[in-house]
Amino acid sequence: MLVRRSVALCDIIVTSWSPALHLSRKVTSCPVHCGPTVTSCPVLCFPTVTSCPVHCGPTVTSCPVHCGPTVTSCPVHCGPTVTSCPVHCDPTVTSCPVHCGPTVTPCPVHCAPTVTSCPVHCGPTVTSCLDHVVSVVMINGLASKPALQEVQVFRKRWLMLLLFVICSTCNAAHWVQFSIISNIVTRYYGVSTLAIDWTSMVYMAAYIPLVLPAAWLLDKKGLRLTLICGAIFMTAGSWIKVASVSPDRFYVAFIGQIFVGAAQIFILGVPARLAAVWFGPTQVSTATSIGVFGNQVGIALSFLLPPVIVGNHDSLEDIGKDLMKLYVGLAAGPSIILILILLNKNFLLLLASYGINVGVFYAVSTLLNQVLLLHFKNAQRDGGLIGLTMVLAGVAGSIIGGVVLDKTHKFKPTTMVVYCMALVGMVGYTFTLQLGYISLVFVTGAFLGFFMTGYLGIGYEFAAELTYPEPEGTSSGIMNAASEIFGVTFTLIAGEVLDHWGDLLTNLTLTGLLTVGLVMTVLIRGKDLRRQAASKPVVHPSELEMLNISSQGEV
């Protein structure tokens, strides 16, 4: 770009001079203000000009400012005896380029007097430095803005993201399909409500022992094989549940739910890795949020479809027919890295606060039907719609949170605001239940879901920042494991409190846990963002003054 602009500028200047100074492209000398012994001192030269000095002393033979691609010497400020001195080099340095092409071996910006190669973000054996090179180009004595090289991306990245969203949606659609119609399923299979609650908690329980093998598979074998394994488990579990349509086959349905729950282990850790592999640095947070969006859509379907498809019939045979429709419709880490991540204090705080937030959401979702029936008779369909409202609001919150992170990169402030508003939503949900107005429960449920579910993608990206350069798949996998542990624990505790002391104390307990999580979030050091620091260009203090006036010298 510099060469093209130089040539164009040459054309304009040369053709606008007086006839005495009018030059053609064959002119090799264009002196201005030369000393008595200087033979060549042009200001603006064509690409074929080999000498282009400006304000040269009597003994300087070459001191060009704007040279074409064939010029072998293009210094900016030369001393009397220096033959080559491009941009901030010590006088004894023979080579100091700023922008290097793929075949250029030296790429230094600030060189010591005896250093011939000084790359900017290169390892000790790297000879080419194309990533994050600061551009300081002198034009008329002014410096241009620093520029970062763009990461090459492909259009089909959106197709890859869409395929993952569909896969994640199919898996999450099984999560609370039994819990949201617990009164019907307990009567059909003749089991306790605790057994029905375990069909939801098995998702969390299956995650705990298998998270590290799944993370290892993702890091070592890649996205494709990991998602194939998840799809195999999901399909097998779905068809096993089809065979459970009989009042004496609850154990078959439970086995199928275990398979589907195991499938999510290969799916939940993928969004951050998929975004890092396929998307550029300005779209990573948005892509991660859209990836989480698929899981939330699936949860929304698990709230919506069971109450709509399965009716509370007097005949068990009719219930079995509805269950068959539902089942058929749904039928399609390395230890060293773990130790390294667990040594990170900020990540441990985020891990606990994230687990608390997601665990509370799991408990609220699992017990939603039971809590509503305590205040509103025949509210099973309302329970499904409220759950759907929470998840859909969470989808919007997740996407908006990702866009905000991409625009601002303010990870801790964003996390704190979202967590604080989730706490406010939990307080509102707790007390609107006591008022007896189902419409208010819809409103507070949507508010709670917007911030509590919207926190998921933000937590993934914050963890990736705190644990860089560890793989994103491993950090997100560990966070999911923590959320499953907290989810099982909080659901069991909340279920016991609900049975003995009612829903008010249950929700107040969950509110207190969210308060603890908010305090942990406040204690995280927001400045320890390793991935952001690694992606910043290095600018020497001596260049700051030039960069402040760079707007006039923009290329």
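Count the sequence shown with numbering that gives the first Met the number 0 and you get residues 0 to 554, in order.
Beta carbons are placed, not taken as given, at the ideal position from N, Cα and C, and that holds for glycine.
On a predicted model such as this, the values are computed, not experimentally measured, just so you know.
#1: Where do the N-terminal and C-terminal ends of the alpha helix (DSSP H) with R186 fall, by residue?
#2: What's the gap between the Cα of H408 and the Cα of M415?
#3: Just to confirm, is the Cβ distance from Q282 to D405 under 9 angstroms?
#4: So what does DSSP say about S243, is it helix, strand or coil?
#5: Considering S475, what are the terminal residues of the alpha helix (DSSP H) in which it resides?
#6: Going by C-alpha distance, which of S474, I484, I399 and D498 is nearest M451?
#7: For the 8 angstroms Cβ check, are there 3 or more pairs between the stretch 465-479 and the stretch 306-322?
#8: With respect to the alpha helix (DSSP H) encompassing W215, which residues constitute its N-terminal and C-terminal limits?
#9: Out of L491, L300 and L465, which has the shortest C-alpha to C-alpha gap to L391?
#10: Does DSSP put W157 in a helix, in a strand, or in coil?
#11: Run through DSSP, which three-state label would G386 get?
#12: Short check: CB of E243 to CB of G255, under 9 angstroms?
#13: By the three-class DSSP mapping on this structure, what secondary structure does G435 have?
#14: Does I179 pass the burial test, meaning 16 or more other C-beta atoms within 10 Å, or should it be called exposed?
#15: So does the stretch 418-436 actually touch the stretch 318-328, counting three or more Cβ pairs closer than 8 angstroms?
#16: From F461 to H499, what does the alpha carbon distance come to, in whole angstroms?
#17: Would the stretch 437-452 and the stretch 374-393 be scored as touching if the rule is three or more Cβ pairs under 8 angstroms?
#18: Do Y459 and V291 count as a contact pair if the criterion is CB distance below 9 angstroms?
#19: Quick one: give me the first and last residue of the alpha helix (DSSP H) that P280 is part of.
#20: According to DSSP, is L373 part of a helix, a strand, or is it coil?
#21: Consider the Cβ of P270: report whether some Cβ of chain D lies at a distance smaller than 9 angstroms.
#22: By the three-class DSSP mapping on this structure, what secondary structure does W174 have?
#23: Between the alpha carbons of Y436 and L509, how many angstroms are there, rounded?
#24: Which of the three DSSP states, helix, strand or coil, is assigned to D405?
#25: May I ask you to verify whether the stretch 350-365 touches the stretch 155-162, counting CB pairs closer than 8 angstroms and requiring at least 3?
#26: So, with DSSP's three-state summary, where would you put T27?
#27: To the nearest angstrom, report how far apart L439 and G424 are at their CA atoms.
#28: Secondary structure at T104, three-state DSSP: helix, strand or coil?
#29: Drop a sphere of 10 angstroms on the beta-carbon of S367, count the other beta-carbons inside from all chains shown, and report buried for 16 or more, exposed for fewer.
#30: Considering only their Cβ atoms, is the gap separating G456 from S284 smaller than 9 angstroms?
#31: Run the CB neighbour count on E483, radius 10 Å, all protein chains shown included, and call it buried at 16 or more, exposed below.
#32: What whole-angstrom Cβ distance do L373 and D381 have, given they're in contact under 8 angstroms?
#33: My assumption, with CB atoms under 8 angstroms, is that G401 sits in contact with R272. Please give the rounded CB distance.
#34: Let me know if L434 comes out buried or exposed under the rule of 16 or more other beta-carbons within 10 Å of its beta-carbon.
#35: Cutting at 7 angstroms between CB atoms, please list the residues of its own chain near A235, excluding the five before and the five after it.
#36: Looking at A194: is its Cβ nearer than 9 angstroms to the Cβ of Y202?
This is what the structure gives:
#1: Per DSSP, R186 belongs to the alpha helix (DSSP H) from S181 to Y188.
#2: CA-CA distance, H408 to M415, rounds to 14 angstroms.
#3: Here Q282 is near D405, since their CB atoms are less than 9 angstroms apart.
#4: DSSP places S243 in coil when its eight states are reduced to three.
#5: E471 to W500 is the span of the alpha helix (DSSP H), which, as asked, contains S475.
#6: By alpha-carbon distance to M451, the top candidate from S474, I484, I399 and D498 is I399.
#7: Contact fails between the stretch 465-479 and the stretch 306-322, because fewer than three Cβ pairs, one in each stretch, are under 8 angstroms apart.
#8: Where W215 is concerned, the enclosing alpha helix (DSSP H) stretches over T192 to K220.
#9: Ranking the options by Cα distance to L391, first place goes to L300.
#10: In the structure shown, W157 sits in a helix (DSSP, three-state: H, G or I).
#11: Here G386 sits in helix by DSSP.
#12: Checking the sequence shown, residue 243 turns out to be Ser, not Glu. Between S243 and G255, the CB-CB gap stays under 9 angstroms.
#13: It is coil, neither helix nor strand.
#14: A residue is called buried when at least 16 other Cβ atoms come within 10 angstroms of its Cβ; I179 meets this threshold and is buried.
#15: Contact fails: fewer than three Cβ-Cβ distances are below 8 angstroms.
#16: So the alpha carbons of these two residues sit roughly 38 angstroms apart.
#17: Contact annotation: the stretch 437-452 touches the stretch 374-393, with at least three C-beta pairs closer than 8 angstroms.
#18: Result yes, Cβ atoms of V291 and Y459 sit closer than 9 angstroms.
#19: Looking at the DSSP string, P280 is not in any alpha helix (DSSP H), and its letter there is neither H nor E.
#20: In the structure shown, L373 adopts helical secondary structure according to DSSP, grouped into three states.
#21: In the displayed structure, chain D is absent; only one protein chain is listed.
#22: In the structure shown, the three-state DSSP call for W174 is coil.
#23: Just so you know, the alpha carbons of Y436 and L509 end up roughly 22 angstroms apart.
#24: Helix, per DSSP.
#25: Under the Cβ criterion (8 angstroms, minimum of three pairs), the stretch 350-365 does not count as touching the stretch 155-162.
#26: Confidence at T27 is low in this model, with a pLDDT of 41, below 50, so its placement is unreliable and no value can be given for it.
#27: Cα to Cα, L439 sits roughly 12 angstroms from G424.
#28: Note that T104 scores 39 on pLDDT, short of 50, meaning its location in the model is unreliable and no value can be drawn from it.
#29: According to the sequence as given, residue 367 is Leu; it is not Ser. Buried, since its Cβ has 16 or more Cβ neighbours within 10 Å.
#30: Cβ atoms of S284 and G456: closer than 9 angstroms.
#31: By the 10 Å Cβ count, E483 comes out buried.
#32: The distance from the Cβ of L373 to that of D381 is about 13 angstroms, inconsistent with a contact at the 8 angstroms cut-off.
#33: The C-beta distance from G401 to R272 rounds to 15 angstroms, too long to fall under 8 angstroms, and the pair is not in contact.
#34: That one is exposed.
#35: Beyond the five residues adjoining it in sequence on each side, A235 comes within less than 7 angstroms, by CB distance, of F258 in the same chain, given in chain order.
#36: In this structure, Y202 does not lie closer than 9 angstroms to A194 by Cβ.
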